[in-house]
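Novice:
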Amino acid sequence: MSKMTIRDVDLTGKRVMIRVDFNVPQDENGQIREDTRIRAALPTIRLALAQGAKVILVSHLGRPKGTPDAKYSLKPVQERLAMLLGQPVRLAPDCVGEATAAMVRAMRPGDVLMLENVRFHAAEEKNLPEFARQLAELADVAVNDAFGTAHRAHASNAGIGQFVQPMVAGLLLADEIAYFDKSVRNPERPFAAILGGSKVSSKIGVIEALTAKVDALLIGGGMAFTFLAAMGKPVGSSLVEKGMLDTARQAIAAAQQRGVQLLLPLDVVAALQMDPASPIKTLFLDESIPEHWMGFDIGPVTVQRYIQALKGMKTILWNGPMGVFEMEPFAQGTLQLAQAVADSHALSVVGGGDTDAAVRQAGVAERISFISTGGGAFLELLEKGSLPGIEALTAR
Ligand code: ADP
Ligand code: MG
Numbered sequence: 046m047s048k049m050t051i052r053d054v055d056l057t058g059k060r061v062m063i064r065v066d067f068n069v070p071q072d073e074n075g076q077i078r079e080d081t082r083i084r085a086a087l088p089t090i091r092l093a094l095a096q097g098a099k100v101i102l103v104s105h106l107g108r109p110k111g112t113p114d115a116k117y118s119l120k121p122v123q124e125r126l127a128m129l130l131g132q133p134v135r136l137a138p139d140c141v142g143e144a145t146a147a148m149v150r151a152m153r154p155g156d157v158l159m160l161e162n163v164r165f166h167a168a169e170e171k172n173l174p175e176f177a178r179q180l181a182e183l184a185d186v187a188v189n190d191a192f193g194t195a196h197r198a199h200a201s202n203a204g205i206g207q208f209v210q211p212m213v214a215g216l217l218l219a220d221e222i223a224y225f226d227k228s229v230r231n232p233e234r235p236f237a238a239i240l241g242g243s244k245v246s247s248k249i250g251v252i253e254a255l256t257a258k259v260d261a262l263l264i265g266g267g268m269a270f271t272f273l274a275a276m277g278k279p280v281g282s283s284l285v286e287k288g289m290l291d292t293a294r295q296a297i298a299a300a301q302q303r304g305v306q307l308l309l310p311l312d313v314v315a316a317l318q319m320d321p322a323s324p325i326k327t328l329f330l331d332e333s334i335p336e337h338w339m340g341f342d343i344g345p346v347t348v349q350r351y352i353q354a355l356k357g358m359k360t361i362l363w364n365g366p367m368g369v370f371e372m373e374p375f376a377q378g379t380l381q382l383a384q385a386v387a388d389s390h391a392l393s394v395v396g397g398g399d400t401d402a403a404v405r406q407a408g409v410a411e412r413i414s415f416i417s418t419g420g421g422a423f424l425e426l427l428e429k430g431s432l433p434g435i436e437a438l439t440a441r
């Protein structure tokens with residue numbers, strides 16, 4: 046890896062400011078519904094504590110519109126973190142300012158201080174240097190461990206690097222970078238990407254970037270129908286983005302030109318409505334999908350074809366479900382492919398919020414080499430090859 050990680054620095058006695066992603070889902074009363082993100086940050090926090098660092102945590106929570114709002118206070122997170130860490134965690138009244146600075150000055154090695162929501166300041170998302178400098182004044186070492194926001198150049202995850210060095214990746218971010226390197230940047234070949242999800246338009250950049258890298262591209266989900274329609278296949282009333290037909294044709298041509306094996310569905314599970322109770326049919330694309338019918342999953346022949354194509358792959362990257370997996374009648378394609386990816390001996394990397402959920406639903410998450418924690422950040426990293434929150438890290 047070309048960037049420094051937390052493993053490369055001595056943190057003993059240092060003020061270590063860790064940008065974490067504690068943007069947890071909450072209910073109406075502010076209760077934390079799910080604390081995966083807090084748990085995910087524990088290894089990095091514990092590593093710093095074990096070295097006798099003074100750990101200062103920075104995060105955003107929700108969308109407070111650049112001004113303090115009690116509804117978005119990190120208080121509930123502070124309490125949960127203290128419980129999970131098994132040690133006191135103090136909460137500063139703000140993330141900058143004299144009262145916060147005084148609390149930092151009072152810290153001893155092994156202490157944990159959580160700063161209040163960094164998005165209580167509009168300067169955070171505007172990445173204003175003066176604000177980044179104020180944050181940096183509280184730290185000797187900056188750590189970015191918030192992959193979920195790494196595609197945004199904000200003060201706490203990017204701008205701060207101008208004012209405090211080194212700025213290093215935490216364990217979570219280091220893993221994200223390492224698996225991106227091992228898959229997209231420098232894959233063991235053959236390398237296959239599976240792409241699905243609802244729309245071509247939201248992922249065209251990813252499709253184009255991956256076409257330049259992979260040996261095989263397997264397409265499913267709603268986006269497959271824009272490709273099939275672009276090839277002149279009658280797809281009934283399946284989800285087709287009319288404005289994307291030319292783009293899809295260009296993508297097909299690019300794949301052909303590069304010798305990429307491009308696989309599209311041969312059959313689909315179709316229904317008259319996106320409703321688990323509606324009658325379903327398995328239809329072959331050669332025989333065309335009748336009017337009003339819509340494809341909501343890849344069919345069994347396609348599933349077998351895709352599983353076959355994955356055999357012998359050394360690297361597999363997957364984003365986007367193969368169908369409307371949230372509904373049982375349309376979940377088979379996604380679940381069976383999840384099994385195949387898990388069974389494969391390839392290095393497997395999965396990303397995207399819904400794909401993550403699908404892999405868990407299939408019960409195979411433990412057997413995937415790496416599941417990315419970022420939705421938007423993961424897609425943008427695939428598309429652009431780097432992210433502001435990674436660029437800001439100190440070079441090794
Ligand atoms: P991710 O979050 O993993 O990046 P997306 O958000 O792009 O994935 O796509 C997931 C959504 O795509 C799911 O909600 C799923 O129901 C929908 N989807 C998949 N296949 C189809 C289809 N054939 N028609 C309509 N929607 C689909
Ligand atoms: Mg999604």
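Counted the way the working numbering counts, the sequence shown spans residues 46 to 441. Quick reminder that beta carbons are idealized off the backbone N, C-alpha and C, glycines included.
#1: I'd like to confirm something about Asp401: is its beta-carbon nearer than 7 Å to some heavy atom of the ligand MG, or not?
#2: Starting from Ile352, trace the alpha helix (DSSP H) in both directions and tell me its first and last residue.
#3: Give the DSSP bridge partners of Leu240, in chain order.
#4: Could you tell me whether any non-hydrogen atom of the ligand MG is closer than 7 Å to the CB of Gly340?
#5: Can you tell which of Ala177, Lys429, Val122 has its C-alpha closest to the C-alpha of Leu106?
#6: When you measure from the CB of Gly397 to every non-hydrogen atom of the ligand MG, does any distance come out below 7 Å?
#7: Would you say the beta carbon of Ser228 comes nearer than 7 Å to a heavy atom of the ligand ADP?
#8: Would you kindly report the start and end of the unbroken alpha helix (DSSP H) that includes Gln384?
#9: Ala440 and Lys48 - do their beta-carbons sit closer together than 8 Å?
#10: Sorry if obvious, but does the Cβ on Gly250 come closer than 7 Å to a heavy atom of the ligand MG?
#11: In terms of residue numbering, what span does the beta strand (DSSP E) encompassing Gln306 cover?
#12: Report yes or no: do the stretch 188-207 and the stretch 417-424 share at least 3 C-beta pairs separated by less than 8 Å?
#13: In this structure, does DSSP put Gln302 in helix, strand or coil?
#14: Identify every residue that forms a DSSP beta bridge with Asp320.
#15: Do Val213 and Val186 have their C-beta atoms closer together than 8 Å?
#16: For the 8 Å Cβ check, are there 3 or more pairs between the stretch 135-146 and the stretch 88-100?
#17: Keeping to the same chain, check which residues put their C-beta closer than 6 Å to that of Leu362; ignore five residues upstream and five downstream.
#18: How many Å lie between Phe272 and Phe415 at the Cα?
#19: Using DSSP with H/G/I as helix, E/B as strand and the rest coil, what is Leu130?
#20: Could you tell me the boundaries of the beta strand (DSSP E) in which Val157 lies?
#21: Using alpha carbons as the reference points, say which of Ile352, Pro433, Arg52 lies closest to Arg91.
#22: Taking contact to mean at least 3 C-beta pairs separated by less than 8 Å, is the stretch 154-165 in contact with the stretch 126-142?
#23: Using alpha carbons as the reference points, say which of Ala391, Leu284, Glu175, Gln301 lies closest to Gln318.
#24: Assuming Gly288 and Gly397 form a contact by the criterion Cβ under 8 Å, report the distance between their Cβ atoms to the nearest whole angstrom.
#25: Is Gly420 near the ligand MG, in the sense that its beta carbon is under 7 Å from a heavy atom of that ligand?
#26: What would DSSP say about Lys248, mapped onto helix, strand or coil?
#27: With DSSP as the reference, label Phe370 as helix, strand or coil.
#28: For the stretch 206-224 and the stretch 257-275, state whether three or more C-beta atom pairs, one from each stretch, are separated by less than 8 Å.
#29: Provide the residue(s) that pair with Phe8 in DSSP beta bridges, ordered along the chain.
#30: Just to confirm my understanding: we take Asp399, look at its own chain, exclude 5 residues before and 5 after, and list those with CB closer than 6 Å. What are they?
#31: Mapping DSSP to helix, strand and coil, what is Thr292?
#32: Closest to Thr379 by C-alpha separation, out of Lys356, Val404, Met358, His390, would be which residue?
Specialist: For this structure:
#1: Mapped onto the sequence shown, residue 401 falls at position 356. Answer for Asp401: no, Cβ out of range of the ligand MG.
#2: For the purposes of this step, residue 352 is taken as the residue at position 307 of the sequence shown. Its alpha helix (DSSP H) spans residues 345-355.
#3: The sequence position of residue 240 within the sequence shown is 195, counting from 1. Beta-bridge analysis with DSSP links Leu240 to Ile264, Asn364.
#4: Numbered from its first residue, the sequence shown carries residue 340 at position 295. For the ligand MG, not one heavy atom lies less than 7 Å from the Cβ of Gly340.
#5: Here residue 106 refers to the residue found at position 61 when the sequence shown is read from its first residue. Nearest C-alpha to Leu106: Val122.
#6: Residue 397 sits at position 352 when you count from the first residue of the sequence shown. Taking the Cβ of Gly397 as the reference point, at least one heavy atom of the ligand MG falls within a distance shorter than 7 Å.
#7: Numbered from its first residue, the sequence shown carries residue 228 at position 183. Not so, every heavy atom of the ligand ADP lies at least 7 Å from the Cβ.
#8: Here residue 384 refers to the residue found at position 339 of the sequence shown. For Gln384, the enclosing alpha helix (DSSP H) begins and ends at 377-388.
#9: As a working note, residue 48 is residue 3 in the sequence shown. As a working note, residue 440 is residue 395 in the sequence shown. For the 8 Å CB-CB criterion, Lys48 and Ala440 form a contact.
#10: Here the question's residue 250 lines up with position 205 in the sequence shown. Remark: the shortest separation between the CB of Gly250 and any heavy atom of the ligand MG does not fall under 7 Å.
#11: Working through the sequence shown from its first residue, we reach residue 306 at position 261. Where Gln306 is concerned, the enclosing beta strand (DSSP E) starts and stops at 306-308.
#12: Three or more beta-carbon pairs drawn from the stretch 188-207 and the stretch 417-424 are found closer than 8 Å, and the two stretches are therefore classed as touching.
#13: The residue you call residue 302 lines up with position 257 of the sequence shown. Secondary structure of Gln302 (DSSP, three-state): helix.
#14: The residue given as residue 320 occupies position 275 in the sequence shown. Partner(s): none; Asp320 has no beta bridge.
#15: Walking along the sequence shown from the start, residue 213 turns up at place 168. Walking along the sequence shown from the start, residue 186 turns up at place 141. Against a cut-off of 8 Å, the Cβ pair of Val186 and Val213 comes out as a contact.
#16: Contact between the stretch 135-146 and the stretch 88-100 is not established, with fewer than three Cβ pairs separated by less than 8 Å.
#17: Walking along the sequence shown from the start, residue 362 turns up at place 317. Here the set comprises Ser228, Ala238, Val394.
#18: In the sequence shown, the residue the question calls residue 272 occupies position 227. In the sequence shown, the residue the question calls residue 415 occupies position 370. Cα-Cα distance, rounded: 29 Å.
#19: Here the question's residue 130 lines up with position 85 in the sequence shown. Helix, per DSSP.
#20: In the sequence shown, residue 157 corresponds to position 112, counting from 1. Where Val157 is concerned, the enclosing beta strand (DSSP E) stretches over 157-159.
#21: For the purposes of this step, residue 91 is taken as residue 46 along the sequence shown, with counting starting at 1. Here the closest residue by C-alpha is Arg52.
#22: The answer is yes - the stretch 126-142 touches the stretch 154-165, with three or more Cβ pairs under 8 Å.
#23: Looking up residue 318 in the sequence shown gives position 273. Checking every option, the nearest Cα to that of Gln318 belongs to Leu284.
#24: Counting from one through the sequence shown, the residue named residue 288 turns up at place 243. Counting from one through the sequence shown, the residue named residue 397 turns up at place 352. Their Cβ separation, rounded to whole angstroms, is 23 Å, which puts Gly288 and Gly397 out of contact at 8 Å.
#25: Residue numbering aside, residue 420 sits at position 375 when the sequence shown is read from its first letter. Taken from the Cβ of Gly420, at least one heavy atom of the ligand MG lies inside 7 Å.
#26: Within the sequence shown, the letter at position 203 stands for residue 248. Looking at Lys248 - three-state DSSP - the assignment turns out to be coil, as it is neither helix nor strand.
#27: For the purposes of this step, residue 370 is identified with residue 325 of the sequence shown, where counting begins at 1. Per DSSP, reduced to three states, the secondary structure at Phe370 is coil, with no helix or strand assignment.
#28: Pairwise C-beta distances place the stretch 206-224 out of contact with the stretch 257-275, as fewer than three of them are shorter than 8 Å.
#29: Residue 8 lies beyond the residue range present for the chain, which begins at 46 and ends at 441; the question has no answer from this structure.
#30: The residue labelled residue 399 in the question sits at position 354 within the sequence shown. Excluding sequence positions up to five before and after Asp399, its CB lies within less than 6 Å of the CB of Pro366, all in the same chain and listed in chain order.
#31: Along the sequence shown, read from residue 1 onward, the residue named residue 292 stands at position 247. In the structure shown, Thr292 sits in a helix (DSSP, three-state: H, G or I).
#32: Here residue 379 refers to the residue found at position 334 when the sequence shown is read from its first residue. For Thr379, the nearest C-alpha among the options comes from Val404.
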